[in-house]
Amino acid sequence: MTFKKRMFFMVFIVGILACHKDHVSENLELEIPPHFPDIQYNLKDNAITNDKFNLGKKLFYDPILSADNTISCGSCHIQTSAFTHHGHSLSHGIYDRIGKRNSPPIMNLAWNNSFMWDGGIFNLDLLSISPITNHAEMDETLPHILQKLKSYPNYPSLFKNAFGQDSITGTLFLKALAQFMLMCTSTHSKYDSFILKKTELSPLELQGYQVFKNHCNVCHREPLFTNHEYLNNGLSISSFNDLGRGLITSNVNDNYTFKVPSLRNLSYTAPYMHDGRYLNLEAVFDHYSYGVQPTPNLAPILKNRIPLDSNDRKSLIAFLNTLNDKSFLFDTKLSAP
Amino acid sequence: MKNLIISSLFCIFIISSCTKDTNSTPEYNVNQQGKLSVEFDNIVGSNNLQLNTATYTNSSNQTFNVTKLKYFVSNFKFTNSVGAVYTQPQDSSYFLIDESKPNSSNLVFNLPEGQYNLVSFLVGVDSLRNTLDVSKRTGVLDVTGLASDMYWSWNSGYIFFNLEGTSSAITANNGLFQYHIGGFGGYNTVTPNNLKTIQLNLTARGAPIVKKSNINTPNIHLFVDVNKIFSAVNTISFNTTSIVHSSMLGIPLATNLAQIFTHDHTEN
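Residue numbers (numbering that gives the first Met the number 0), protein chains in the order written: chain A, 0 to 336; chain B, 0 to 267.
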């Protein structure tokens with residue numbers, strides 16, 4: 000082998016290595032902490048890559064997903080509020096139309112196998128269609144969005160870079176949005192560090208943890224702080240008689256039940272409950288202490304209510320604050336591009 | 000020995016002819032395929048359905064017009080005169096009949112030669128397809144395309160049968176009625192199942208003869224009587240039923256839906 004040939008060969012090898020390295024750094028990873036269960040989402044059908052995630056992020060923050068190009072997914076799912084609509088009991092969509100439910104957080108969805116307050120959607124890929132087409136939210140159609148995306152600058156090449164296909168299809172659109180939502184993971188709270196034995200809880204926080212274990216953990220089960228069930232927690236029936244899960248299953252035993260929400264990032268997700276009726280945690284504690292109503296299908300565990308005295312509340316708030324995760328709220332990777 | 004050989008041959012002859020008989024009759028070669036079409040002819044009582052312009056009367060003596068009629072038919076099976084069943088392959092077994100698209104109502108199949116006495120199909124989309132990954136939902140099943148108005152986004156599932164129109168008997172919503180019949184039985188919880196299997200015996204009004212050598216494609220001509228949606232089993236009046244967007248509300252309509260398909264004739 001001549002020197003020249005040898006040099007060429009080496010450059011060739013370096014080139015391969017470089018390509019290989021680039022390729023590896025392109026792939027994001029969904030972090031699964033050791034104390035978390037297995038994820039529910041099938042990543043085999045939608046392996047996460049940088050390009051797909053970034054495309055999903057651009058779509059998530061793009062108002063062209065709404066009929067009048069005014070609101071994006073990010074309008075009602077604000078990162079610094081753990082992707083809820085801070086301060087809004089009910090979100091408003093285009094033309095200030097008001098919905099019927101409180102905007103839920105987009106957080107740790109990979110561990111869920113049903114979505115929305117009533118669990119009507121059973122696959123994360125199908126989730127986005129609902130707010131996009133809902134009359135009170137974005138009121139757009141998927142065929143029209145695809146048409147818009149095709150005519151906008153950048154999108155055709157972004158889709159091509161991400162998926163290697165020349166056409167923009169509904170499947171790719173939904174998979175890209177799913178990738179962004181999958182990466183919205185909140186796993187670095189003080190609680191998580193405590194469980195992983197990297198930090199200590201204060202005496203007050205530990206006291207609150209005990210109160211939590213005594214009264215809350217059955218439904219708001221660790222480490223996701225939800226048991227993924229649909230339960231009636233005894234809210235008085237609202238003026239428009241929202242049947243919750245009953246609307247999905249048409250089973251009277253599901254009437255007035257709603258998904259048990261996670262308690263992670265609770266400090267940032269007020270107001271509370273499916274219709275945002277409680278503006279702060281004191282109101283929530285009041286509800287469980289003496290406000291629970293004997294409505295049909297009330298969760299048996301709440302029949303005797305959960306009396307929480309001022310000491311319980313003080314320590315419980317201290318513990319619940321350990322579920323806040325600022326690294327999630329201010330992760331620039333998830334912020335508007 | 001000679002006798003033995005002769006009787007053996009005779010036996011073999013009988014066995015082989017028997018085997019052959021269970022597969023096909025002498026005039027058909029089951030190893031050859033021919034074409035067969037099924038036509039869904041949408042009517043209202045004794046009138047051909049006309050979108051928007053025509054006015055019809057239901058069994059409650061209420062007038063109405065139809066602005067949209069779309070429905071899924073799937074999982075076709077054809078049974079021939081010796082009882083053999085041809086099942087259309089899954090990946091090409093979903094069709095969306097759309098009254099506004101005349102070409103959508105004539106479905107063409109390739110199947111082994113034979114006389115076919117029975118056809119069966121599902122009105123709607125079976126639970127398996129209803130829960131498949133979004134990437135497998137192509138063509139008429141594309142919820143972001145052709146099926147975007149045949150899908151409940153808030154309660155994941157296809158609408159099987161979509162009839163919309165207006166009636167002067169309805170005071171709310173500018174007289175609008177929307178009958179969206181769906182419900183595949185639920186993914187992680189049992190919910191109403193409005194899937195209906197239609198089985199039609201074709202012998203009384205003409206069984207199609209499928210042969211590779213056919214010059215004209217035999218056509219099973221079905222009538223789909225929209226008026227029976229209001230009356231086949233349950234009486235549906237606009238007074239009480241105008242907007243149906245859930246599987247539970249759709250149950251009485253789905254019961255009627257199972258009766259609206261009839262075999263009118265076959266063109267061989």
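Every residue, glycine too, gets a C-beta built ideally from N, C-alpha and C.
Can you tell me the Cα-Cα spacing of residue i and residue j, whole angstroms?
| i | j | result |
| --- | --- | --- |
| D20 of chain B | G82 of chain B | No answer about D20 of chain B holds up, because its pLDDT of 43 lies below 50 and its placement is not dependable. |
| D324 of chain A | L162 of chain B | 49 Å |
| I236 of chain A | M272 of chain A | 12 Å |
| S337 of chain A | G98 of chain A | Here chain A covers residues 0 to 336 and nothing more, so residue 337 of chain A does not appear. |
| Y85 of chain B | L110 of chain B | 7 Å |
| H85 of chain A | T188 of chain B | 32 Å |
| S230 of chain B | V291 of chain A | 46 Å |
| H143 of chain A | I131 of chain A | 11 Å |
| Q31 of chain B | F176 of chain B | 48 Å |
| L50 of chain B | A257 of chain B | 22 Å |
| T56 of chain B | S45 of chain B | 11 Å |
| N226 of chain A | S113 of chain A | 12 Å |
| K196 of chain A | L280 of chain A | 28 Å |
| S24 of chain A | P62 of chain A | Residue placement at S24 of chain A is flagged as unreliable, the pLDDT there being 45, under the threshold of 50; the coordinate-derived value follows with that caveat. Between S24 of chain A and P62 of chain A, the C-alpha separation is close to 30 Å. |
| P88 of chain B | A269 of chain A | 52 Å |
| H87 of chain A | S334 of chain A | 21 Å |
| T165 of chain B | Q114 of chain B | 43 Å |
| D21 of chain A | T48 of chain A | Residue confidence is low: D21 of chain A scores 41 on pLDDT, short of 50, so the model does not pin down where it sits. Its coordinate-derived value is still stated next. Straight-line Cα distance between these residues: approximately 12 Å. |
Could you work out which residue in the options is closest to residue i when comparing CA atoms only?
| i | options | result |
| --- | --- | --- |
| S152 of chain B | A:S156, A:D138, A:K149, A:N303 | A:D138 |
| F318 of chain A | A:H34, A:G207, A:N41, A:S113 | A:G207 |
| S58 of chain B | B:N238, B:D263, B:E266 | B:N238 |
| S126 of chain B | B:T202, B:N226, B:I197, B:F159 | B:F159 |
| W116 of chain A | A:S185, A:R100, A:A335 | A:R100 |
| S416 of chain A | A:Q78, A:I63, A:F158 | With chain A represented from 0 up to 336, any question about residue 416 of chain A goes unanswered, as that position is not in the structure. |
| N226 of chain B | B:E26, B:N172, B:P88, B:L68 | B:L68 |
| T254 of chain B | B:D263, B:T234, B:H262, B:T261 | B:T234 |
| I105 of chain A | A:L123, A:S88, A:D95 | A:L123 |
| I169 of chain B | B:T261, B:S236, B:T66, B:S104 | B:S236 |
| L58 of chain A | A:P32, A:N153, A:I31, A:P36 | A:N153 |
| P103 of chain A | A:P336, A:I316, A:N303, A:V259 | A:V259 |
What is the C-beta distance between residue i and residue j, in whole angstroms, given that I count them as a contact (C-beta under 8 Å)?
| i | j | result |
| --- | --- | --- |
| V243 of chain B | Y178 of chain B | 5 Å |
| T216 of chain B | V107 of chain B | 7 Å |
| Y255 of chain A | N296 of chain A | 6 Å |
| I120 of chain A | S155 of chain B | 5 Å |
| L171 of chain A | F158 of chain A | 6 Å |
| S73 of chain B | S92 of chain B | 5 Å |
| I38 of chain A | L29 of chain A | 7 Å |
Helix, strand or coil for residue i, going by three-state DSSP, please let me know.
| i | result |
| --- | --- |
| I93 of chain A | helix |
| N218 of chain B | strand |
| H227 of chain A | coil |
| H85 of chain A | coil |
| Q198 of chain B | strand |
| Y151 of chain A | coil |
| S155 of chain B | coil |
| F108 of chain B | strand |
| G138 of chain B | helix |
| Y255 of chain A | coil |
| Q292 of chain A | coil |
| L280 of chain A | helix |
| D97 of chain B | strand |
| E26 of chain B | coil |
| S103 of chain B | helix |
| F71 of chain B | strand |
| Y208 of chain A | helix |
Excluding five sequence neighbours on each side, which residues of the same chain lie with their C-beta closer than 7 Å to the C-beta of residue i?
| i | result |
| --- | --- |
| S167 of chain B | T62, G174 |
| S127 of chain A | L173, L176 |
| T190 of chain B | G182, G184, S246 |
| N218 of chain B | S36, E38, T265, E266 |
| S119 of chain B | K76, T196, I197, Q198 |
| P306 of chain A | S288 |
| F239 of chain A | K99 |
| T69 of chain A | P62, I93 |
Note down, in chain order, each residue of its chain lying with its Cβ closer than 6 Å to the Cβ of residue i, except the 5 sequence neighbours on either side.
| i | result |
| --- | --- |
| D44 of chain A | none |
| A161 of chain A | D50, K51, L54 |
| G33 of chain B | E112, V209, K210, K211, N213 |
| C10 of chain B | Low confidence applies here, because C10 of chain B scores a pLDDT of 46, under 50, leaving its location unreliable and the question unanswered by this model. |
| L141 of chain A | G169 |
| Q267 of chain A | The amino acid occupying residue 267 of chain A in the given sequence is Tyr; Gln does not appear at that position. Contacts found: S80, A81. |
Less than 7 Å between the CB of residue i and some heavy atom of the ligand GDP, yes or no?
| i | result |
| --- | --- |
| A335 of chain A | Here there are no bound small molecules, and the ligand GDP is not part of this structure. |
Take residue i and list the residues in its own chain whose beta-carbon comes closer than 8 Å to its own, dropping the five residues that flank it on each side.
| i | result |
| --- | --- |
| N116 of chain B | T78, N79, S80, N200, L201, T202, A206 |
| N107 of chain A | C183, T184, S185, T186, L223, S261, R263 |
| T198 of chain A | K189, S192 |
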